[in-house]
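The structure appears below as structure tokens.
2 protein chains.
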Amino acid sequence: MIAGTDIDVDGLRSALLEVIAEERRVNAGESIRALHADDSSPHPASVPDLVVFPHTVAEVSAVLALANARGVAVTPFGMGTSTDGHVIPLRRGISLDLTEMDGVVRFRPEDQMITVGPGISRSAVNRRAGEHGLLFPVDPGADASIGGMVATNASGTTTVRYGNMRKQVLALQVVLADGTVVRTGSRALKSSAGYDLGQLFVGSEGTLGVIVEVTLRLYGIPEHTVAARAAFPDLDAACGAARALIGAGVLLSRMELLDAYCVQALNRFKDMTLPELPCLLLEFAGSREAVQADSRFAAEVAAEYGCAELELEADHTARVRLWQARHDLPPALAHLRPGSKLMTTDVCVPISELPAAVAAGRAAVERLKIVAGIVGHVGEGNYHITYAFDPDDPDEQDRAEILEAEVIEHALACGGTCSGEHGIGIGKIRHLATEHADLLPLMRGIKQQLDPNGILNPGKVFTA
Amino acid sequence: MIAGTDIDVDGLRSALLEVIAEERRVNAGESIRALHADDSSPHPASVPDLVVFPHTVAEVSAVLALANARGVAVTPFGMGTSTDGHVIPLRRGISLDLTEMDGVVRFRPEDQMITVGPGISRSAVNRRAGEHGLLFPVDPGADASIGGMVATNASGTTTVRYGNMRKQVLALQVVLADGTVVRTGSRALKSSAGYDLGQLFVGSEGTLGVIVEVTLRLYGIPEHTVAARAAFPDLDAACGAARALIGAGVLLSRMELLDAYCVQALNRFKDMTLPELPCLLLEFAGSREAVQADSRFAAEVAAEYGCAELELEADHTARVRLWQARHDLPPALAHLRPGSKLMTTDVCVPISELPAAVAAGRAAVERLKIVAGIVGHVGEGNYHITYAFDPDDPDEQDRAEILEAEVIEHALACGGTCSGEHGIGIGKIRHLATEHADLLPLMRGIKQQLDPNGILNPGKVFTA
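Going down the list, the sequences are from chains A and B. Residue numbers for the first sequence follow our numbering, so the first one is 3 and each next one is one higher. Residue numbers for the second sequence follow our numbering, so the first one is 3 and each next one is one higher.
Next comes the structure, spelled out in structure tokens:
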């Protein structure tokens with residue numbers, strides 16, 4: 003834990019009020035500060051000295067210039083849904099809440115792109131896109147802010163078809179540590195014009211600059227969409243079917259794995275009656291003819307792995323309910339153990355290694371006597387072990403950490419990565435140091451170049 | 003033009019022979035050096051002092067360590083098909099020819115990925131992938147080396163479906179200027195583990211490190227593929243149809259625009275009898291049902307823009323012939339003017355701006371009295387004006403440069419980029435400086451960090 007620096011909060015606040023002349027937006031109130039002290043992770047909270055709510059790029063620039071000159075830490079904050087402590091202001095200072103920069107700056111349906119402020123939620127982007135028959139596909143579950151999703155390179159249920167955030171970002175506007183404003187990318191769908199610095203900011207977790215504007219790709223809403231549930235006799239069969247569907251090149255827009263424990267949790271929490279077996283939730287989208295052909299073929303593949311029937315849901319409401327249930331898994335799992343905190347692993351492995359990796363994860367869960375569900379975006383080999391643990395029980399916390407370390411060790415040994423989509427934050431710093439030991443000096447060098455005073459989200463990604 | 007440095011070539015050669023104990027592979031022969039003095043562009047040649055042919059990562063590392071210590075420039079060289087001087091050794095020194103590092107290091111069909119040396123050609127990768135029903139989609143026309151395609155972030159006819167090189171690279175092994183070897187990425191299909199330095203090397207044109215190993219995504223060969231030709235009454239109608247097809251979300255795997263002049267050139271060069279009108283060459287791929295539905299729908303859209311008939315080619319040989327004809331356009335255009343050199347623009351604009359951009363390009367060509375064809379990967383808004391000019395006629399050369407500057411100015415004004423896929427090289431340095439003026443200090447800073455002695459491909463991307 004990085005120690006907080008002693009700063010003159012009153013002096014800082016006065017200086018900030020010269021820039022943002024609205025008391026509410028340069029907020030030292032206890033409750034507001036407490037709301038910016040943690041995220042969805044079990045990492046200990048750290049209360050910022052001030053919470054600043056900018057409205058414009060110019061305000062962000064002025065805040066950073068001021069903080070940089072005084073050596074005050076600045077931690078960007080969106081919806082607070084990060085899962086590994088990303089938005090916890092470890093060195094206190096300023097929590098820069100970007101949720102009031104939530105506008106649509108420019109919507110160009112004819113180019114299938116939209117430019118938004120960083121604080122807009124993904125569901126708001128989708129509502130706006132939908133007015134023109136378009137969709138923004140990335141769906142991490144939580145209704146995260148777009149800025150946060152860029153900062154962690156988020157992905158989710160539709161990544162098997164559309165790719166992660168890295169693939170959706172066409173252009174960024176970023177404020178650097180000293181207040182300089184830069185723009186990356188363009189409105190062209192591709193470019194080979196110099197180093198792609200936009201890609202450097204995607205996934206940088208607020209440590210290289212503050213993202214203040216994002217231009218995203220949008221996609222036509224497919225003519226026809228069908229969701230499907232496929233139950234399997236065991237986890238290995240479900241993983242094998244997932245791997246076979248990918249190998250056969252079936253055009254899936256979603257493929258989620260749930261183990262039997264997750265299905266049980268959903269049945270209880272949502273009052274559903276799904277068969278309590280490991281299952282794949284699938285989605286096919288395209289022309290009606292393509293969807294019919296693909297779902298028929300998928301049923302054949304699933305049958306080879308012991309799936310009795312592919313249950314199709316073409317009705318819009320039923321599909322929304324199905325994916326909402328998937329997204330309700332974290333509360334459903336927490337619900338089974340009142341008073342617990344949730345922790346989740348996030349490894350991604352080569353597809354061929356998925357069945358063995360999931361089996362090893364399941365075995366470790368049982369050996370360590372952890373109450374956990376396994377769920378995953380298995381089309382990319384990304385799966386989560388989500389477990390409810392008692393934060394007041396040191397033994398249970400120890401076992402939770404052993405599980406994460408074992409799962410990551412297994413993933414790295416088979417060519418995978420410690421984080422498929424959640425990012426490094428605080429909790430995976432040591433795992434990143436293992437995975438990319440040779441790259442750490444380069445990462446640190448770039449950090450040093452872009453943020454020489456180390457004010458941007460200190461204590462994340464790597465130690466200072 | 004950067005002046006060559008005076009180096010002790012004999013001393014350098016002796017030192018290199020300590021590392022690579024094979025005279026042929028540390029080559030000072032005149033003809034070999036001449037073969038490494040230029041590329042496919044009209045930029046003046048510059049002859050390297052030595053051509054080195056490494057066989058292993060360790061050899062590349064040793065060569066770079068040695069060159070770095072002596073301040074000798076190193077310019078990586080693949081197939082020599084770059085179009086803007088990328089491989090011309092402006093400061094002489096070493097041309098590092100990587101074509102003998104052309105092996106398949108690991109092929110993992112079960113994970114749909116392949117790891118190759120940088121010198122392997124894209125066609126060789128495709129042959130190997132095809133043995134397992136897989137394909138490597140990126141198709142820039144020339145049979146370029148994979149290392150070169152990564153270095154320029156190449157794309158081509160299939161980018162509308164599969165994306166450019168940036169989207170295909172899962173992992174890299176790179177030798178830094180001082181000989182340090184680093185690995186980026188993993189065998190997972192996605193990762194949020196720290197800054198994505200792999201993306202920084204993609205498109206860095208040999209200025210940040212030498213790519214010595216590439217892990218690429220592969221894709222299942224679709225069940226059914228149909229190519230189609232659609233002729234239109236004029237260029238504007240063809241562009242409008244392209245834009246409408248993209249807007250309607252038709253799942254195209256290729257969409258190429260050729261103007262009437264290109265069709266004429268092909269008819270003469272390849273003895274074909276295509277209607278001499280602007281046309282779109284399309285390809286649909288997927289399940290048989292999907293292809294039928296998509297091609298039927300595309301025919302309806304094309305008809306709205308005056309296309310009398312979508313001529314389908316399901317036969318494999320006929321399709322190969324069609325795409326080969328597309329790739330033969332540069333020689334076909336050169337053939338119309340014996341003794342000329344070819345130059346090509348490479349802008350990429352937002353899809354909605356494509357019809358106007360192409361019309362403006364066509365108008366500029368006529369005003370400047372340049373003999374040019376317009377061809378493009380219009381699914382992404384990327385089009386090329388390719389023109390044969392007499393390099394000994396200064397007036398013609400001037401007009402050629404005016405054309406490129408005008409086309410780029412127009413693209414930047416409408417939100418596009420100066421290079422969609424060819425890269426900056428020598429010729430677009432000033433245009434990059436216009437497009438990304440605010441990012442240049444960051445790019446230079448990263449270059450300075452990774453290559454403090456400036457030995458890697460000096461004089462490319464930006465001026466020193």
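Where is the CB? At the ideal position from N, CA and C, for every residue including glycine.
- Against chain A, a Cβ distance below 9 Å from residue 199 (chain B) picks out 202, 438, 441, 444, 445 and 448.
- The straight-line gap separating the alpha-carbon atoms of residue 60 (chain A) and residue 120 (chain A) is approximately 14 Å.
- Residue 263 (chain A) and residue 278 (chain A) have their C-alpha atoms spaced approximately 8 Å apart.
- Runs of the alpha helix (DSSP H) lying entirely within the stretch 227–257 of chain B, each at least 4 residues long, are 237–249 in chain order.
- Interface residue (Cβ-Cβ distance to chain B less than 7 Å): residue 352 (chain A) is classified as such.
- As computed with DSSP, residue 115 (chain B) is found in a beta bridge with B:110 and B:219.
- Nearest in C-alpha terms to residue 136 (chain A), of all of A:11, A:43 and A:115, is A:115.
- With a cutoff of 7 Å on beta-carbon distance, residue 29 (chain A) and residue 457 (chain A) are scored as not near each other.
- In the DSSP assignment, residue 345 (chain A) falls within the beta strand (DSSP E) that extends over 343–346.
- Shortest Cα-Cα distance from residue 153 (chain B) to any of B:80, B:64, B:356 and B:299 involves B:80.
- Not a single CB atom of chain B sits nearer than 7 Å to the CB of residue 405 (chain A).
- Note on the stretch 369–409 of chain B: whole beta strand (DSSP E) runs with a minimum of 3 residues are 374–379 and 384–391, in chain order.
- Across the stretch 402–434 of chain B, CB contacts with chain A closer than 9 Å involve 413, 414, 416, 417, 418, 419, 420, 421, 422, 423, 424, 425, 426, 430, 433 and 434, in sequence order along the chain.
- Those residues of the stretch 170–190 of chain B placed with their C-beta closer than 7 Å to a C-beta in chain A are 184, 185, 186, 188, 189 and 190, ordered along the chain.
- Legend: CB atoms of the stretch 205–232 of chain A lying less than 9 Å from CB atoms of chain B belong to residues 205, 206, 207, 209, 210, 221, 222, 223, 224 and 225.
- The Cβ of residue 112 (chain B) sits closer than 7 Å to at least one Cβ of chain A.
- In terms of beta-carbon proximity, residue 196 (chain B) lines the interface with chain A, with at least one pair separated by less than 7 Å.
- In this structure, the beta-carbon distance from residue 260 (chain A) to residue 377 (chain A) falls below 7 Å.
- Taken in chain order, the complete alpha helix (DSSP H) segments of 4 residues or longer contained in the stretch 133–157 of chain B are 148–154.
- Within chain A, no C-beta atom comes nearer than 8 Å to that of residue 247 (chain B); the closest sits roughly 11 Å away.
- With respect to chain A, the C-beta atom of residue 63 (chain B) has no partner C-beta closer than 7 Å.
- Residue-level contact by beta carbon holds for residue 291 (chain B) and chain A, with a gap shorter than 7 Å.
- Collapsing the DSSP output to three states places residue 281 (chain B) in a strand.
- A distance below 8 Å between beta-carbons, with the five flanking residues on each side excluded, links residue 389 (chain A) to the following residues of its chain, in chain order: 335, 344, 345, 346, 367, 372, 373, 374, 375, 402 and 405.
- Boundaries of the beta strand (DSSP E) around residue 187 (chain A): 183–187.
- Annotated three-state conformation of residue 441 (chain B) is coil, per DSSP.
- Under the three-state reduction of DSSP, residue 288 (chain B) is assigned to strand.
- One thing to note: residue 87 (chain A) has its Cβ within 7 Å of the Cβ of residue 45 (chain A).
- Look at residue 166 (chain B): its C-beta is under 7 Å from a C-beta on chain A.
- In this structure, DSSP gives residue 426 (chain A) a state outside helix and strand, which the three-state scheme calls coil.
- Below the 7 Å Cβ cutoff, chain B contributes 288 as neighbours of residue 253 (chain A), in chain order.
- The three-state secondary structure of residue 312 (chain A), taken from DSSP, is strand.
- A direct Cα-Cα distance of roughly 14 Å separates residue 98 (chain A) from residue 176 (chain A).
- Chain-ordered listing is empty here: chain B has no CB closer than 8 Å to the CB of residue 462 (chain A), the nearest sitting near 10 Å.
- For residue 295 (chain B), a Cβ of chain A is located within less than 7 Å of the residue's own Cβ.
- Residue contact check for residue 285 (chain B) against chain A: no CB pair falls below 7 Å.
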